Amino acid sequence: MANAQLEGFYKHFVKAMREGNAAIFVGAGLSRASGFLDWKGLLKEIAEDLELDIDQEDDLIAVAQYHQNKHGNNRAKLDRLIVEEFTRRAELSENHNLLANLPIDSVWTTNYDKLIEQAFEAAHRRVDVKRTPESLQHPLPGRNVTVYKMHGDVDSPQDAVLTKDDYEIYDHTRELFSIKLKGDLVGKTFFFIGFSFTDPNIDYILSRIRSLRGKDKGEHYCVMRWPSKPIKAKGKGSKAFQQAQAKYEYNRKKLDFRINDLKRYGINAIMVNEYSDLTKILIELNHRVHLRDVFVSGSAHSHEPFGELRLEEFCRSLGSKIIESGLNLVSGVGLDIGGKVIVGAMETLYAKYFNDASDRMFLRPFPQQAPAGMNLKEFYTKYRKEMVAKAGVCIFVSGNKFNTFKKTIQDANGVFEEFEIARKLGKYVIPIGASGHAAKKIWEKVNGDLDNYFPDGGVKDYFKTLGNVSSTNEEIVDSIINILKKIKAVP
Numbered sequence: 059m060a061n062a063q064l065e066g067f068y069k070h071f072v073k074a075m076r077e078g079n080a081a082i083f084v085g086a087g088l089s090r091a092s093g094f095l096d097w098k099g100l101l102k103e104i105a106e107d108l109e110l111d112i113d114q115e116d117d118l119i120a121v122a123q124y125h126q127n128k129h130g131n132n133r134a135k136l137d138r139l140i141v142e143e144f145t146r147r148a149e150l151s152e153n154h155n156l157l158a159n160l161p162i163d164s165v166w167t168t169n170y171d172k173l174i175e176q177a178f179e180a181a182h183r184r185v186d187v188k189r190t191p192e193s194l195q196h197p198l199p200g201r202n203v204t205v206y207k208m209h210g211d212v213d214s215p216q217d218a219v220l221t222k223d224d225y226e227i228y229d230h231t232r233e234l235f236s237i238k239l240k241g242d243l244v245g246k247t248f249f250f251i252g253f254s255f256t257d258p259n260i261d262y263i264l265s266r267i268r269s270l271r272g273k274d275k276g277e278h279y280c281v282m283r284w285p286s287k288p289i290k291a292k293g294k295g296s297k298a299f300q301q302a303q304a305k306y307e308y309n310r311k312k313l314d315f316r317i318n319d320l321k322r323y324g325i326n327a328i329m330v331n332e333y334s335d336l337t338k339i340l341i342e343l344n345h346r347v348h349l350r351d352v353f354v355s356g357s358a359h360s361h362e363p364f365g366e367l368r369l370e371e372f373c374r375s376l377g378s379k380i381i382e383s384g385l386n387l388v389s390g391v392g393l394d395i396g397g398k399v400i401v402g403a404m405e406t407l408y409a410k411y412f413n414d415a416s417d418r419m420f421l422r423p424f425p426q427q428a429p430a431g432m433n434l435k436e437f438y439t440k441y442r443k444e445m446v447a448k449a450g451v452c453i454f455v456s457g458n459k460f461n462t463f464k465k466t467i468q469d470a471n472g473v474f475e476e477f478e479i480a481r482k483l484g485k486y487v488i489p490i491g492a493s494g495h496a497a498k499k500i501w502e503k504v505n506g507d508l509d510n511y512f513p514d515g516g517v518k519d520y521f522k523t524l525g526n527v528s529s530t531n532e533e534i535v536d537s538i539i540n541i542l543k544k545i546k547a548v549p
């Protein structure tokens, strides 16, 4: 997909996410990075029983049906393969974690494994998993994301949609899924990931989408990979290369037809060269959709150089301005910096906007104990990564603590760690150097390399204000907001 088209996708889908009108549809490809098999891998043993070559089979659903037919309508082996494959221990992939950090409340999948729900649970989302038609009638109270496993789950392999029989009677056995899918297709923009153009599920899903939507196709997106070009290896005969080249050109032409055909269903194909490009797309979606979410980092046993009263007033003013500017606050609930910023944000919310605070603020108390099996340092690092991941901008204020052994004030290591996490995740960082301590050191580092941290420029004078202790609170807060305008965080 051309850059202009990709940019159009980002703008459209980010807008849909912010308005609560976005959904994800996940195929088997997303689980491959975690070590699970795709359809061909799963049915390889089944094909061998039938004395078929799985690599030559395109209709894999038919292969599953042939096996069931051969064994007198008994699918015990198919069910066993599902259980054995998808109950193996597997680690969440980076793409799973990136997906779980998006503000999505509806996820549809044809996968049998549990990785999607595990990813959202790891991101501290309350997940309502719909595995059966009956479960659709009983919503989980307090849920903020629903995972629709429209083809079943590893816990009930005997009910999994796998063979031609299952697909043909789907509307009878799983009609409620079709009704719910139709509703989401009408009201949401879908992003299909983890599907290849040869995935046996894709044709079924596309035909269902068209029948459900009718003429009102909507506008959806999917990620698909171009076929790999053959490489002419040294010492290899030209005939083999020519055959590989001919196969590549054939697959490329066939895929061009597929891309054009997807438009009948209102689906725009985002074409990538490698599946790893999906990670870049998910990172960019996270970056853009969280740009209005501001994480405030800091601690202050000592209030110098501002003094206690001025530092408190600055934090309250900062929290207030974040909300007033249409931004959202992400913060650990501390007793000093975080707590004062939250007070300012709450005052503005209730005085001017009458919003439910949960819509505009993501607040989590900093834990004092680690869960069983994890040391405190590892837990704090994990906690900080999760907090920073939910923001697009990180502001650093003061950052000091009392060393109980040396009886001295020292820079807060946690603030430095949050800065490093933010830098690695590509977040915008705005340190208030004038507030001293860790924030001052971070300001010196960022200010010395502004072109790297703010490649679009235009923030030099504002950063000068942030680093000047003589700047007033109002001047510093105004400079922060002007920087946020430069990076287009302020709507």
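Counting from 59, one number per residue, gives the positions in the sequence shown under my numbering.
Heads up, the beta-carbon is just placed ideally off N, CA and C, and yes, glycines get one too.
These numbers were taken from a predicted model, which means no experiment stands behind them.
One or two residues paired with residue i in a DSSP bridge
i: K207; result: T167
i: L110; result: Looking at the DSSP assignment, L110 forms no beta bridge with any residue, so it has no partner.
i: N309; result: The partner list for N309 (beta bridge, DSSP) is empty, contrary to what the question assumes.
i: V187; result: V205
i: L421; result: S389
i: I453; result: V354, I488
i: Q468; result: K459
i: A327; result: C280
Cβ-Cβ distance between residue i and residue j below 8 angstroms
i: Y206; j: K238; result: yes
i: A492; j: G525; result: yes
i: F253; j: G87; result: yes
i: I538; j: I453; result: yes
i: D514; j: K544; result: yes
i: G390; j: F424; result: yes
i: Y279; j: I325; result: yes
i: S456; j: S357; result: yes
i: I162; j: A62; result: no
i: V121; j: L110; result: yes
i: Y323; j: L264; result: yes
Residue i - containing alpha helix (DSSP H), residue span
i: F474; result: 471 to 482
i: S89; result: 87 to 90
i: T462; result: Unbroken run through T462: none, as it is neither H nor E.
i: M445; result: 434 to 447
i: V548; result: Looking at the DSSP string, V548 is not in any alpha helix (DSSP H), and its letter there is neither H nor E.
i: Y279; result: Not the alpha helix (DSSP H): Y279 falls in the beta strand (DSSP E), residues 278 to 283.
i: N159; result: Here N159 belongs to no alpha helix (DSSP H), and DSSP marks it neither H nor E.
i: R374; result: 366 to 382
i: I400; result: 395 to 406
i: G66; result: 61 to 76
i: H495; result: 495 to 505
i: Y511; result: 508 to 511
i: D519; result: 518 to 525
i: R138; result: 134 to 144
i: A180; result: 173 to 180
Residue burial classification, residue i (beta-carbon count within 10 angstroms, cutoff 16)
i: T523; result: buried
i: N132; result: exposed
i: I289; result: exposed
i: N458; result: buried
i: A74; result: buried
i: V527; result: exposed
i: L157; result: buried
i: F250; result: buried
i: I119; result: buried
i: K246; result: buried
i: D117; result: exposed
i: V535; result: buried
i: E502; result: exposed
i: K172; result: buried
i: I381; result: buried
i: S269; result: exposed
i: P22; result: In this structure the chain extends from 59 to 549, so residue 22 is not present and cannot be described.
Pick from the options that is closest to residue i, judged by C-alpha positions
i: T337; options: E143, H70, E106, N159; result: N159
i: S383; options: K312, R350, R374, M404; result: R350
i: M419; options: L385, K172, P489; result: L385
i: K305; options: P285, V203, L320; result: P285
i: I341; options: T231, L434, H154, F83; result: H154
i: M208; options: G200, R201, E192, L198; result: E192
i: V219; options: T168, E233, N505, A409; result: T168
i: D211; options: D223, R266, T145, R184; result: T145
i: Y225; options: I140, K321, Q123; result: Q123
i: R76; options: H348, T462, Q216; result: H348
i: E149; options: K135, L136, E175, K69; result: E175
i: H359; options: G396, E307, F474, I467; result: I467
beta-carbon residue i near the ligand ATP non-hydrogen atom, thresh 7 angstroms
i: I341; result: Here there are no bound small molecules, and the ligand ATP is not part of this structure.
Continuous beta strand (DSSP E) stretch holding residue i: start and end
i: D351; result: 351 to 358
i: I251; result: 247 to 251
i: F83; result: 80 to 84
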